[in-house]
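Working notes for the structure below.
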Amino acid sequence: MNKHLRIALAAVGLTAISAGAMAASNVLPTGWSVITTLGTTGTLRAGSGWDAGSLASHSSIVDGVFLAENTQWNHGSWWWDQDPSVNASPVVTTIQLNQQFTLESFSVQADDNDTYLIEYWNGASWQTAWNIGTQPSYGLVTRHSGMLAPITTNQLRFTATGGDNWYAVSEIQAFGVAAIPEPETYALMLAGLGAIGFVARRRRG
Numbered sequence: 226m227n228k229h230l231r232i233a234l235a236a237v238g239l240t241a242i243s244a245g246a247m248a249a250s251n252v253l254p255t256g257w258s259v260i261t262t263l264g265t266t267g268t269l270r271a272g273s274g275w276d277a278g279s280l281a282s283h284s285s286i287v288d289g290v291f292l293a294e295n296t297q298w299n300h301g302s303w304w305w306d307q308d309p310s311v312n313a314s315p316v317v318t319t320i321q322l323n324q325q326f327t328l329e330s331f332s333v334q335a336d337d338n339d340t341y342l343i344e345y346w347n348g349a350s351w352q353t354a355w356n357i358g359t360q361p362s363y364g365l366v367t368r369h370s371g372m373l374a375p376i377t378t379n380q381l382r383f384t385a386t387g388g389d390n391w392y393a394v395s396e397i398q399a400f401g402v403a404a405i406p407e408p409e410t411y412a413l414m415l416a417g418l419g420a421i422g423f424v425a426r427r428r429r430g
């Protein structure tokens, strides 16, 4: 193999390595634009027996930082009471992303004895991304989805689907890549193709 061909293959290899490295990143800390919640948060039913707790900001659930495991469910999380006296309808949190992303796995820190659902918008309707099971322990506990079939979306939706009606989430992470490659990726691809073209011209000459 001549020297120029080795250089060309190395350039293409760097492009592949760069794309692979991006695949492991959590896109939400910089990839969200608007977070909205329909329903009442941070309010307990009368006589709940829990202390008042503290309600975190919306953006804290996508900041890339987990709370200490087993933190009390309503201390520093995004939490709600699904009792009909507080919320007659399910509480729904929607995360609008700032572009299309292709996602392949999730991590969530949420109240341990409840089930939750992450959905994604496919352009026409909401589809299931991950059904999150219970993790019996105490308080806020982290779960990981493992590798899933890739999805491409610009919106995610988070809801509780079952449990004791005291629900909380403190962190949502979504791992994937931008559906449209970043400019640096294009530059690497062009560099690799340019090197291959150079070798082809030299061989013809």
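Residue numbering for the sequence shown follows this note's numbering, starting at 226 and increasing by one per position.
Glycine included, every Cβ here is placed at the ideal spot set by N, Cα and C.
Nothing here was measured: the structure is a model prediction, and the numbers come from that model.
Determine the closest residue to residue i out of the options, with distance taken between C-alpha atoms.
i, options, result
"T384", "T353, I405, S362 and A281", "T353"
"V259", "W303, S250, I320 and A271", "I320"
"G267", "D308, W355, W257 and L328", "D308"
"L280", "F291, V394, S250 and I357", "V394"
"L342", "L328, F326, T359 and I405", "T359"
"L328", "S314, W355, A335 and D337", "W355"
"D288", "E396, G278, A404 and F400", "E396"
"W298", "F331, V333 and Y363", "Y363"
"G387", "W257, D339 and E344", "D339"
"D337", "P361, N347 and E294", "P361"
"T255", "Q324, M372 and T296", "Q324"
"S357", "A277, A349, I405 and L373", "Contrary to the premise, residue 357 reads as Ile rather than Ser in this sequence. Among A277, A349, I405 and L373, the Cα nearest to that of I357 is on L373."
"P375", "S330, W351 and I405", "S330"
"Q380", "D276, G278 and W351", "W351"
Excluding sequence positions up to five away, which residues of its chain have a Cβ less than 8 Å from the Cβ of residue i?
i, result
"A271", "S310"
"V252", "L322, F326, L328, A399, F400, G401, V402 and A403"
"N390", "D306, Q307 and D308"
"S314", "L263 and G264"
With DSSP as the reference, label residue i as helix, strand or coil.
i, result
"G364", "coil"
"V402", "strand"
"Q310", "At residue 310 the sequence reads Ser, which differs from the Gln that was named. Of the three classes helix, strand and coil, the one that applies to S310 here is coil, per DSSP."
"T255", "helix"
"S395", "strand"
"N390", "coil"
"L373", "coil"
Can you name, in chain order, every residue of its own chain whose Cβ lies under 6 Å from the Cβ of residue i, other than the five neighbours on each side?
i, result
"T318", "T262 and F383"
"Q334", "F291, L365, T367, S395 and E396"
"W303", "A281, I286 and V394"
"H369", "S332"
"T378", "Y345 and W346"
Going by DSSP, what residues sit across from residue i in a beta bridge?
i, result
"E329", "None; E329 has no bridge partner."
"F383", "T318 and I343"
"S279", "H300"
"N356", "L342"
"A271", "DSSP output for A271 lists no bridge partner at all."
"Q334", "T367 and E396"
"T262", "T318"
Leaving out five residues before and five after residue i in sequence, what residues of the same chain have Cβ atoms less than 7 Å from its Cβ?
i, result
"W305", "G264, T265, T266, N312, V316 and Y392"
"S284", "I260"
"S179", "Any question about residue 179 goes unanswered here, given that the chain covers just 226 to 430."
Restricting to runs no shorter than 3 residues, where is the beta strand (DSSP E) found entirely within the segment 285-309?
Runs found: 300-306.
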